[in-house]
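> Residue numbers (my numbering): 4 to 65.
1. Let's see if you can read the secondary structure: which residues bound the beta strand (DSSP E) around residue 18?
2. Do you know how far the Cα of residue 9 is from the Cα of residue 58?
3. Near residue 35, which residues of its chain fall below 8 Å by C-beta distance, leaving aside the five closest residues on each side in sequence?
4. Could you please give me the residues that DSSP links to residue 44 through a beta bridge?
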């Protein structure tokens, strides 16, 4: 069975936004902060979402 999530795309100021549903975030450590990375593969015409833990201190600004 395929899991599918549909989210509303809404206008916020001059851009558009959406939220990431909690079921997708189940494996993340909620005590840490993450960046959400959206990447598009033109060959398959699909979007992918991945999560990267934010770095602390000077490393995060480099």
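Note that beta-carbon positions come from the ideal geometry of N, C-alpha and C, so glycine has one too.
Please read all numbers here as calculations on a predicted model, not as lab measurements.
A quick look at the data gives this:
1. Boundaries of the beta strand (DSSP E) harbouring residue 18: 18 to 20, taken from the DSSP string.
2. The alpha-carbon atoms of residue 58 and residue 9 are separated by roughly 30 Å.
3. Around residue 35: 56, 57.
4. In the DSSP output, where bridge partners are listed per residue, residue 44 has 49.
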